[in-house]
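Protein chains in written order, with this note's numbering: chain D, 70 to 459; chain P, 70 to 459.
The structure under discussion appears below in the form of structure tokens.
There are 2 protein chains.
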Amino acid sequence: MKINANYLNLEESYLFATVERKVSEYKAAHPDKKVISLGIGDVTLPLPPVAVTAMQEAAAELGKKETFRGYGPYRGYRFLTEALQKQYAARGVALEEEEIFASEGAKSDLGNILDLFARDNRVLVPDPVYPVYVDTNVMDGREIRFVDGTAENGFLPPPPAERADLIYICSPNNPTGAVYDRAGLKAWVDYALKWGAVILFDAAYERFVADPALPRSIFEIEGARECAIEFGSFSKTAGFTGVRCGYTVVPKALVREGSSLNKLWLRRQSTKYNGLSYVVQRGAAAVLTPEGQEQIDRNIAYYRENARLMAEALEKMGVWFTGGKNSPYLFFDCGGDSWSFFDRLLEEGQVVGTPGAGFGRNCKNFFRLTAFGDRDNTLEAVERLKRVLG
Amino acid sequence: MKINANYLNLEESYLFATVERKVSEYKAAHPDKKVISLGIGDVTLPLPPVAVTAMQEAAAELGKKETFRGYGPYRGYRFLTEALQKQYAARGVALEEEEIFASEGAKSDLGNILDLFARDNRVLVPDPVYPVYVDTNVMDGREIRFVDGTAENGFLPPPPAERADLIYICSPNNPTGAVYDRAGLKAWVDYALKWGAVILFDAAYERFVADPALPRSIFEIEGARECAIEFGSFSKTAGFTGVRCGYTVVPKALVREGSSLNKLWLRRQSTKYNGLSYVVQRGAAAVLTPEGQEQIDRNIAYYRENARLMAEALEKMGVWFTGGKNSPYLFFDCGGDSWSFFDRLLEEGQVVGTPGAGFGRNCKNFFRLTAFGDRDNTLEAVERLKRVLG
């Protein structure tokens with residue numbers, strides 16, 4: 070029996086473990102100090118009431134013989150996929166219902182989609198990067214090339230000259246908060262079409278885009294249906310990080326080597342998956358009703374205001390940063406080694422963030438803050454940040 | 070861009086689609102006839118009340134700021150994994166809590182576990198077989214060998230002489246309902262240890278084992294911790310086919326080529342998965358309380374009585390079959406081509422079952438019935454079956 074030897078090539082990520090250890094040590098040494106964390110990308114506001122009620126009603130339905138449901142459709146119930154279809158349509162993106170697949174999360178789908186692709190494809194990943202894009206391909210032994218996001222290109226790298234087969238784009242980006250405009254995305258779509266590549270577009274943070282000129286879906290770009298798969302999530306949109314619901318859009322026009330990727334993905338999901346929890350699907354569908362949209366808009370507005378407050382402070386201090394406007398993340402130039410800055414911010418300001426060094430080679434002097442915190446804590450953190458940076 | 074060409078080697082399974090088409094056609098032609106389905110392996114009794122209440126309370130928790138939870142642990146919350154650990158302990162199987170991984174279903178885990186194994190391993194699959202074992206390995210391009218389950222060995226084939234690297238065992242079996250005794254499983258454990266193979270043990274139907282002499286977990290067999298991974302499910306146990314919850318046990322003693330498979334699986338799940346829905350986890354944990362166990366025991370007893378009634382009828386008719394006693398499935402010799410029998414049973418008795426031909430090459434003259442139906446319908450189906458067979 071041979072194990073998948075590619076697993077031995079995975080690098081251990083000590084980023085969040087190291088952050089956690091340092092914070093624990095600091096707290097143990099300074100039990101009187103109040104530490105504020107703006108480090109983790111998890112939400113803090115509770116679920117919208119419509120989702121709670123819908124899940125409770127769904128559980129009750131399953132508790133009665135007359136309304137019990139067993140196995141559901143592999144792609145999700147139509148009440149959910151049609152609601153997603155309508156949401157896209159409202160933003161001008163016409164999709165067929167059969168192009169949408171509900172699942173328990175974008176992270177799962179981003180990993181599992183790789184089943185469809187040969188192992189000798191070349192993968193292009195922007196650096197800085199959500200580490201999962203790299204690790205899932207290391208597991209398959211694929212060649213990985215990086216394209217450099219830098220302060221010069223605003224962490225929005227343009228396509229390179231060399232060939233790629235699979236391309237990851239996350240916009241609004243984690244960790245930088247940077248958002249591609251239409252021209253920026255169009256360049257990537259053109260590049261993918263030129264090489265016959267497939268773009269894996271991570272749209273987990275699309276809801277934070279406030280500027281109507283910025284694209285929220287890759288399918289707003291002409292030609293994307295022939296070269297892109299989009300991954301969406303209810304996690305940051307509706308606070309579903311613990312409820313688990315995502316969706317993946319695989320256009321029927323996406324065909325490679327004569328095979329429909331939509332059909333391949335359905336085959337993958339029907340063989341290695343058995344559908345998303347009915348209870349969760351009802352909760353997600355409730356979020357997509359007008360009432361649900363109002364409720365989550367209030368939460369998003371709350372997080373956006375957190376981001377605005379932090380962005381305003383950084384601007385006033387003349388600190389260069391990306392994000393903060395159409396994203397829950399702020400990524401700022403901390404003026405030196407990001408781990409040293411981490412230590413200083415914790416020691417002097419009792420604020421926890423995430424060192425850029427953990428996200429790639431191009432951002433060792435950058436630092437990530439998230440807008441998912443409590444308002445009062447965020448305001449206090451801003452004051453402390455001013456003290457430490459000023 | 071190259072697709073995973075192994076997908077082109079997948080055979081389309083027309084089994085359930087063909088069954089559905091034939092039934093629809095019959096119903097359209099005979100709108101006055103009452104058709105009873107004992108074909109699909111889905112449950113029909115509603116969720117146990119404890120699970121409904123627990124899920125409703127969990128949803129309410131997530132709706133309040135004070136009790137909101139975001140991302141959960143990759144392996145599941147301790148309240149669930151510890152409850153599973155206790156359930157195993159009560160049956161004499163001592164596991165560490167860290168050996169248990171909760172997930173959204175055994176089917177997902179059975180597919181995803183293959184990420185850990187090299188593609189040039191040889192896979193051994195008993196025939197007849199749950200088609201997913203074969204398809205998931207075809208997707209990876211692994212060599213597949215079959216071991217013959219036959220009427221002679223009671224559809225419980227012993228290990229072959231040749232080498233295998235990965236071995237699938239499902240006991241109680243789908244579709245045959247046959248259950249390995251301790252000696253039968255011990256032979257497989259010894260075989261796996263001899264070749265350094267890994268057994269993937271599908272225990273989805275363990276709850277139907279009534280005979281205390283029969284093993285419900287592979288870990289009841291000495292040596293299994295060094296060679297087996299077990300997949301469990303709440304689907305057939307607690308009616309969770311639509312709620313989605315399973316668990317996988319990867320013993321720490323399972324080491325191959327110097328790597329702990331427990332650590333590899335944790336790495337896989339933390340990279341390509343983001344944990345099971347908190348709401349579902351609360352529902353599953355409630356099922357594992359004494360009150361929950363009483364409630365699901367009543368449901369299992371109901372299905373068991375259905376199986377007993379069908380088994381009794383087959384015995385009286387002198388029809389040879391497996392299952393029916395410690396399993397929700399009955400697999401009987403229908404005396405000729407199973408598709409012809411399907412047509413005859415539908416035409417003459419208006420009863421739907423599943424032709425053995427759909428499960429492999431060794432059971433073309435066998436037919437599967439399930440005990441998951443309604444009692445009155447099952448009783449009526451038995452009378453009709455008697456008429457057609459007699």
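For every residue, glycine included, the Cβ atom is placed at its ideal position computed from N, Cα and C.
Note that the structure is predicted; figures quoted are calculated from it, not measured.
Min CB distance D/A97 to chain P below 8 Å: Chain P places no beta carbon closer than 8 Å to that of D/A97, leaving this residue out of the contacts.
Residue-chain proximity (D/Y347, chain P), Cβ-Cβ < 8 Å: Closer than 8 Å: yes.
Inter-residue Cα distance where the pair is D/T340 and D/Y274: Straight-line spacing of the CA atoms in D/T340 and D/Y274 works out to 29 Å.
Cβ of D/Y342 within 8 Å of any chain P Cβ: Judged by the 8 Å Cβ criterion, D/Y342 is in contact with chain P.
Unbroken alpha helix (DSSP H) run spanning D/D10, endpoints: Outside the modelled stretch of chain D, which goes from 70 to 459, sits residue 10 of chain D, for which no answer is possible.
Distance between beta carbons of D/R313 and P/S346, contact taken as under 8 Å: That belief holds up - the Cβ atoms of P/S346 and D/R313 are roughly 4 Å apart, short of 8 Å.
Which listed residue (P/Y316, P/E295, P/G344) has its alpha carbon closest to that of P/L330: Scanning P/Y316, P/E295, P/G344 for the CA closest to the CA of P/L330 turns up P/E295.
Residues in the segment 179-203 of chain P having any Cβ partner in chain D nearer than 7 Å: Residues of the segment 179-203 of chain P that bring their beta carbon within less than 7 Å of a beta carbon in chain D comprise G180, N181, D184, L185, F186, A187, D189, N190, V201, in sequence order.
Cross-strand partners of P/A171 (DSSP beta bridge): Per DSSP, P/Y316.
Residues that P/D234 contacts on chain D, provided the C-beta gap is smaller than 9 Å: Near P/D234 (Cβ distances below 9 Å), the residues of chain D are M70, K71.
Against chain C: residues of the segment 115-146 of chain P by CB proximity under 7 Å: Absent from the structure: chain C. Protein chains present are D and P.
Beta bridge counterpart(s) of D/M105 as assigned by DSSP: The sequence given here has Ile at residue 105 of chain D, not Met. D/I105 pairs with D/V420.
Chain D within 8 Å of P/T205, Cβ atoms only: Yes, P/T205 counts as interfacial toward chain D.
Residues that P/I267 contacts on chain D, provided the C-beta gap is smaller than 8 Å: Correcting the residue type first, residue 267 of chain P is Val in the shown sequence and not Ile. Near P/V267 (Cβ distances below 8 Å), the residues of chain D are M70.
Chain D contact for P/D366 (CB, 8 Å cutoff): So, not an interface residue.
Where the alpha helix (DSSP H) containing P/T340 begins and where it ends: P/T340 -> alpha helix (DSSP H) spans 330-341.
Start and end residues, beta strand (DSSP E) containing P/G392: Following the DSSP letters along the chain, one finds P/G392 inside the beta strand (DSSP E) bounded by residues 390-392.
For P/F85, the first and last residue of its enclosing beta strand (DSSP E): Run containing P/F85: none in the beta strand (DSSP E); it sits in the alpha helix (DSSP H), 84-98.
Buried or exposed (CB count within 10 angstroms, at least 16 for buried), D/D209: Counting Cβ neighbours within 10 Å, D/D209 comes out buried, since at least 16 surround it.
Paired residues, beta bridge with P/R160 - DSSP: In the DSSP assignment, no residue is bridged to P/R160.
Three-way DSSP call (helix, strand, coil) for P/R373 in this model: Looking at P/R373 - three-state DSSP - the assignment turns out to be helix.
Cβ-Cβ distance between P/V421 and P/V104 below 8 Å: Contact flag set, yes.
D/A74 at chain P interface by Cβ criterion, 8 Å: Taking 8 Å as the threshold, the shortest C-beta distance from D/A74 to chain P falls below it.
Beta-carbon proximity of D/T447 to D/N375, cut-off 8 Å: Yes, the pair counts as a contact, with Cβ atoms nearer than the cut-off.
P/P100 versus P/Q419 - alpha carbon distance: Cα to Cα, P/P100 sits roughly 12 Å from P/Q419.
Minimum C-alpha distance to D/R232 - residue among D/D204, D/W264, D/V207: Out of D/D204, D/W264, D/V207, D/W264 has the C-alpha closest to the C-alpha of D/R232.
Buried versus exposed, by CB contacts within 10 Å (16 or more), D/A41: Residue 41 of chain D lies beyond the residue range present for chain D, which begins at 70 and ends at 459; the question has no answer from this structure.
P/P200 - containing alpha helix (DSSP H), residue span: Taken as a continuous stretch (DSSP letters only), the alpha helix (DSSP H) holding P/P200 covers 200-207.
Minimum Cβ-Cβ distance from P/D111 to chain D less than 8 Å: Interface flag for P/D111 against chain D is set, since a Cβ pair is found closer than 8 Å.
Cβ neighbour criterion (16 or more within 10 Å) applied to P/D234: Classification of P/D234: buried, given that the 10 Å Cβ count is 16 or more.
Reduced DSSP secondary structure (H/G/I, E/B, other) of P/Y143: Reduced to three states, the DSSP call for P/Y143 is coil.
Any chain D beta carbon closer than 8 Å to P/V457: By this cut-off, P/V457 is not an interface position.
Beta-carbon proximity of D/N431 to D/T87, cut-off 8 Å: In this structure, D/T87 does not lie closer than 8 Å to D/N431 by Cβ.
Residue interval of the alpha helix (DSSP H) (run including D/L262): D/L262 -> alpha helix (DSSP H) spans 251-264.
Contacts that D/R90 makes with chain P (C-beta to C-beta distance below 9 Å): For a Cβ distance threshold of 9 Å, nothing in chain P lies close to D/R90: the least Cβ distance comes to about 18 Å.
DSSP bridge partner residues for D/D402 (one or two, in chain order): Answer by DSSP bridge pairing, in chain order: D/F435.
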